[in-house]
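Colleague:
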Amino acid sequence: MIELQHLEKKYVNETSGEIFYAVKDLSLVFPDGKITALLGPSGCGKTTTLRMINRLIEPTGGQILLDGQDIMAQRPEDLRRQIGYVIQQIGLFPHLSVVQNVATVPDLLGRPRAQTRERARELLELVGLEPGQFADKHPHELSGGQAQRVGVARALAADPPVLLMDEPFGALDPLARDKLQEAFLDIQRRLQKTIVLVTHDIDEALRLGDRVALLTGGELAQFGTPNDLVRHPESEFVRQFLGEDALLRQLAGLTAAQLAQPGDATGLPQISGTLNVRSALSVMLGQRSDALAVLDAHGQVQGVLTWQALEEAG
Amino acid sequence: MTVARAAGTRRPASARLLALLWPALLLICLIPGVLSNLFAPLSAGIAPDTGGRPLWQLTLIHLQLVLGAELIVLLIGVPLAVFVTRPGRAALMRLTETITGLGQTVPTIAILALAVPTLGLGLPPTVLGLVLYGLVPVVSNGIAGLLAVDKGVLDAARGVGMTSRQRLMRVELPLSLPVLMAGIRTSTVYNVGTATIGAALGAGGLGSLIINGLSQQNTGLVLIGAVLAGLLALSLDALLELVAPGGR
Amino acid sequence: MTPSTLSPEVKPRRLAAQPDVQLIFWLGGMLMLVACFLPWALLRPNRLAAGVYQNLPVAWMVLGAVLALAVPLSARVLPRIMPLLGGTALALGFYLLGARMTAAMLDQPEIARASASSGLWVWLLGAGIAVYGAGQIGLPERFWSWLAWLWLPVLIVLALTGQLAAWSVLRELDAQQARFLQEVGQHLKLVLTGLGLAVLIGAPLAVWVSRRPRAAEAVLGFANGIQTIPSLALLGLLIAPLGALANALPFLRQLGVSGIGTAPALTALTLYALLPVLRNGLVALRGVSPGALDAARGMGMTDNQRFWRVQLPLALPVWLSGIRQAAVLLVGVASIAQLIGAGGLGYFIFSGLQTAASDLILLGAIPAALLAIGVDALLRGLEVLLTRQWGRA
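Respectively, the protein sequence lines represent chains S, Y and A.
Residue numbers for the first sequence follow numbering that gives the first Met the number 0, so the first one is 0 and each next one is one higher.
Residue numbers for the second sequence follow numbering that gives the first Met the number 0, so the first one is 0 and each next one is one higher.
Residue numbers for the third sequence follow numbering that gives the first Met the number 0, so the first one is 0 and each next one is one higher.
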């Protein structure tokens, strides 16, 4: 568990003496095994907050506790080796092969070479890269999506309980981003890491985050589940930032299978369970039907998605 | 990701063979009798007197001077480039760049000559001149290479928990190596020329053939020295290009 | 948010220079401190004999040490006075050059020589670094910054009033004034002619090959190879062919072509300057944005008009920097042209080396160094001017 207590980062302009708070009195708890998205406009302090957790930036006030321990008690390098770190520019070492990149942290920790190589290959498989094909390539030979998969594998290499991700999908085209987000959720379902994810993309935060912390001007605007934020915005800023179509956006993040209920599906138009709810809605409107049969991956009826269920979700 | 790596752009075998052309020519010219007989007509018909020393020995002295100075240059230049590119030393880096810029501007012979009143004649001022002049490209390329390392890569290196020393050894130096090597190549080629001029100060080497030839009005002797010095520079340039592809 | 310009500590306003600039003042100050305890003058009974080193008088030593320590220390508390302090230190160095040499020559016969020694040179270096550091503080007030130039009027006044005349190098100059002016003229003539020829040949060649990539590669390869050859070797290599040419064709000899002298020197200088002129010309001409050229075509310019009105003006600043590199290079090569009898400032350097007269060596080396630095600064200024006028290419 990561706990921020009255965290503060201020900068002082030397000539004017002006004080600027990048982060101000921020208290937050990132639950174990969940993804918490730090969301906000640029300059809201979300990246500063993230970088304070692994001490790439030193706080000027407050505390950060990692499993109850003050992070300042450790040497920063040791702290960072226990925390996975993925950044937008990917930051792969261009002079090292894919496998050497992934094995960086275990190497730094002095683990036996053969073992780390083996583990690196497993991780490549986990992030969906065929080790035989990719292990010995260099970063410049990879596509953006492939490189970011390697970035994720590198962050996971020492099996850290905590993962920090700074706009990890920001540099990708929409198609690759979609695929990688899906793969990422899949990995997280298996590994259950405690993940802090910085993003300015509302859809990404609502889709990936178990919790969302919306920041503005270095302060917390609202913290809660995506549902909380969308349905019960605590301020005008939150409402405006999420936008009028927040509900639809959230629906886009839900799949038909998630809202399907048991029921009689005979004669209903059929849709795949992986379809998002927004698309399901348009099928419903197009077919002039107030219920749809939801199929699972094997084409078996999984349940029924009703208009009423949609209304309740929305 | 943004730093392209030279791997995969290996030059074709034919180009690499061509690079051995100059060293091969140099070796042929060093066979006793080849050059002196070739240029005998220019020295009143008699083979030019090279001062009792075989040509290969003079070439070796020259090479020793160049490589020895280059070693000192590396021992000073690389740590210096690293030192001034660490955080919090921006002004010191600008000072270093200004001074190396000046060093590049001042004529070689002037640097050598300015050292003479303090250091006397012979080897000491020549070595000082070689080192000072050779430092310029190594330091400026070293700085440029280290500054060019992608900020995202450095951030990642910090983020995965590398200490500043590990960052330097594992990331910054390997990534800046191609640029640094280009500087070393330039510096070595410069040094062949500086060492040639150093003969005017009595440092020995191939320049002494040219200087002696000029003062004795012996064109053959001048040509022997000039051909060998030229070939030595072209050879070192070609050989270092093999190790470090890319422009000087 | 720009964290780099902000520091995490609270300060009402800036009192001290930035830590990295303070490092420069430490470096300068320490050099000046060391200089105080090194010998400043060397007195020799005549211009060739060995001599006796003289230290600074104790009073000057103490004053110098105080000034040396004041530089890094006041950088912490009074950054505003740093230009004044640096300028004063440098001016003091020049004053002491005159004063110490005059003192050393007191009661000495006319043929004795007093030359500056390591202490003076190290002091000038340290003070120069302090002046440089003062420029790095970024003081908001223009007036205080200008004080760093204090040394220049001091130097000029010292030189004009003859205060420096006791210095051995100026004694040497005094003895050979006519020859000095002649060799400086010859040096400039070599550089300017060589540069002019290189531009006359290189500029059209660059334009021609800029449209022919294969030819460009060959031409650049050739010029690159020429520049790899040591300058002295190149001078030597040109003796035989030019000498043979002059022997075979007597009318050429009447034109001044021979193996020794100005002709081979100019040939070597021209060949040497060709590479920077060519390379930067190519880079500059190819670097002109295709958008600008396309717009020019769209406006109905002919090929010729496009070249003269768009491509060339846009390429000129970059090209000029190649010409500057060539000019600086030529000042250096011209310095060794004396070896093949072409004269120039190298005359003093090499005669000095032959007779082991270090004042004579310096009489050639110092002006050669200053000439190179001056040429560099002049052409840099021209580049800035052109860039400002035409915008960046």
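C-beta: ideal position from N, C-alpha, C; glycine also.
Keep in mind the model is a prediction, meaning the values are calculated, not measured.
According to the Cβ coordinates, are Y:Thr-195 and A:Leu-231 closer than 8 Å?
Modeller: Contact flag set, yes.
Colleague: Which one or two residues does DSSP pair with S:Met-164 in a beta bridge?
Modeller: Beta-bridge pairing links S:Met-164 to S:Val-85, S:Leu-196.
Colleague: Which ranges does the beta strand (DSSP E) cover as unbroken runs of at least 3 residues, wholly within the segment 87–140 of chain A, from first to last along the chain?
Modeller: Complete beta strand (DSSP E) runs here, min 3: 112–115.
Colleague: Compute the Euclidean distance between the alpha carbons of A:Ala-392 and A:Arg-323, then round it to the nearest angstrom.
Modeller: Confidence at A:Ala-392 is low in this model, with a pLDDT of 40, below 50, so its placement is unreliable and no value can be given for it.
Colleague: Name the DSSP bridge partner or partners of A:Trp-143?
Modeller: DSSP output for A:Trp-143 lists no bridge partner at all.
Colleague: What whole-angstrom Cβ distance do Y:Gly-119 and Y:Asn-190 have, given they're in contact under 8 Å?
Modeller: About 21 Å separates the two Cβ atoms, so there is no contact after all.
Colleague: Contact defined as beta carbons within less than 8 Å: I believe A:Gly-280 pairs with A:Ala-205. What is the distance between those atoms, to the nearest angstrom?
Modeller: Rounded, the Cβ-Cβ distance is 3 Å, consistent with contact.
Colleague: Which class does S:Asp-77 belong to by DSSP, given the choice of helix, strand or coil?
Modeller: Looking at S:Asp-77 - three-state DSSP - the assignment turns out to be helix.
Colleague: Using a 10 Å radius around the Cβ and a threshold of 16 neighbouring Cβ atoms, would you call S:Met-71 buried or exposed?
Modeller: The residue is exposed, with fewer than 16 neighbouring Cβ atoms inside 10 Å.
Colleague: Should S:Gly-217 go down as buried or exposed, given a rule of 16 or more other Cβ atoms within 10 Å for buried?
Modeller: It counts as buried.
Colleague: Taking all protein chains shown into account, decide if A:Ser-288 is buried (16 or more other Cβ within 10 angstroms of its Cβ) or exposed.
Modeller: By the 10 Å Cβ count, A:Ser-288 comes out exposed.
Colleague: Could you pull out every residue in the same chain whose Cβ sits closer than 8 Å to the Cβ of A:Asp-358, ignoring the five residues on either side in sequence?
Modeller: Only Arg-46, Arg-112, Ser-114, Ser-167, Val-168, Arg-170, Glu-171, Gly-351 meet the Cβ criterion.
Colleague: Check this for me: beta carbons of S:Gln-269 and S:Ala-292, under 8 Å apart or not?
Modeller: Yes, the pair counts as a contact, with Cβ atoms nearer than the cut-off.
Colleague: Whole angstroms are fine: how far does the CA of A:Leu-83 sit from the CA of A:Gln-135?
Modeller: When rounded, the distance between both Cα atoms is 14 Å.
Colleague: What are the boundary residues of the beta strand (DSSP E) that includes S:Lys-33?
Modeller: Counting along the chain, S:Lys-33 falls outside any beta strand (DSSP E), and DSSP gives it neither H nor E.
Colleague: Do you know how far the Cα of A:Gly-363 is from the Cα of A:Ile-348?
Modeller: One C-alpha to the other measures close to 5 Å.
Colleague: Would a check of beta-carbon distances place A:Asp-19 closer than 8 Å to chain Y?
Modeller: Closer than 8 Å: yes.
Colleague: What is the rounded straight-line gap between the Cα of S:Ala-80 and the Cα of A:Pro-152?
Modeller: Contrary to the premise, residue 80 of chain S reads as Arg rather than Ala in this sequence. When rounded, the distance between both Cα atoms is 60 Å.
Colleague: For A:Gly-28 versus A:Val-76, is the C-beta distance shorter than 8 Å?
Modeller: Cβ distance not < 8 Å, so A:Gly-28 and A:Val-76 don't count as in contact.
Colleague: Can you tell me the Cα-Cα spacing of Y:Ala-90 and Y:Ala-68, whole angstroms?
Modeller: Cα-Cα distance, rounded: 28 Å.
Colleague: Determine the burial state of A:Met-298: buried for a count of at least 16 other Cβ atoms within 10 Å of its Cβ, exposed for fewer.
Modeller: Under this definition A:Met-298 is an exposed residue.
Colleague: Which residues in the same chain have their Cβ closer than 6 Å to the Cβ of A:Thr-386, if we skip the five residues on either side of it in sequence?
Modeller: Excluding sequence neighbours, A:Thr-386 sits near Pro-316.
Colleague: If you measure between the beta carbons of S:Ala-182 and S:Gly-127, is that distance less than 8 Å?
Modeller: It is a contact, given that the beta carbons lie within the stated cut-off.
Colleague: Apart from the five residues just before and just after S:Ala-152, which ones in its own chain have a Cβ nearer than 8 Å to its Cβ?
Modeller: Excluding positions up to five away in sequence, the list reads Val-101, Ala-119, Leu-122, Leu-123, Leu-125, Val-126, Leu-128.
Colleague: Alpha carbon to alpha carbon, what distance is there between Y:Leu-145 and Y:Asp-154?
Modeller: Their backbone Cα atoms lie some 14 Å apart in a straight line.
Colleague: For Y:Gly-229, I'd like the list of residues in its chain whose CB is within less than 7 Å of its CB, leaving aside the five on either flank, ordered along the chain.
Modeller: Excluding sequence neighbours, Y:Gly-229 sits near nothing in its chain.
Colleague: Are the CB atoms of S:Glu-92 and Y:Val-178 nearer to each other than 8 Å?
Modeller: According to the sequence as given, residue 92 of chain S is Phe; it is not Glu. It is not a contact, given that the beta carbons lie outside the stated cut-off.
Colleague: Please report how far the alpha carbon of S:Lys-178 lies from the alpha carbon of Y:Val-148, in whole angstroms.
Modeller: Whole-angstrom Cα-Cα distance: 30 Å.
Colleague: Roughly how many angstroms lie between the CA atoms of Y:Pro-78 and S:Val-104, to the nearest whole one?
Modeller: Approximately 27 Å between the Cα atoms of the pair.
Colleague: Would you please state the rounded distance, in angstroms, between the beta carbons of A:Phe-93 and A:Trp-150? I believe it to be under 8 Å.
Modeller: Contact holds; Cβ gap of about 6 Å.
Colleague: Does the beta-carbon distance from S:Glu-2 to S:Leu-55 come in below 8 Å?
Modeller: Contact flag unset, no.
Colleague: Rounded to whole angstroms, how far is the Cβ of A:Leu-37 from the Cβ of A:Gly-125, which I believe are closer than 8 Å?
Modeller: About 11 Å separates the two Cβ atoms, so there is no contact after all.
Colleague: Rounding to the nearest angstrom, what Cα-Cα distance links S:Thr-47 and A:Val-57 in this structure?
Modeller: Distance between the alpha carbons of S:Thr-47 and A:Val-57 is about 58 Å.
Colleague: In whole angstroms, give me the CA-to-CA distance for A:Met-300 and A:Leu-311.
Modeller: So the alpha carbons of these two residues sit roughly 14 Å apart.
Colleague: Give me the Cβ distance between A:Leu-370 and A:Val-330, rounded to the nearest whole Å; I'm assuming they're in contact under 8 Å.
Modeller: That pair is a contact at about 5 Å.
Colleague: By DSSP, does Y:Ala-5 sit in helix, in strand, or in coil?
Modeller: Note that Y:Ala-5 has pLDDT 38, beneath the 50 cutoff, so the model's placement of it is unreliable and the number below is only indicative. In this structure, Y:Ala-5 counts as coil in the three-state DSSP scheme.
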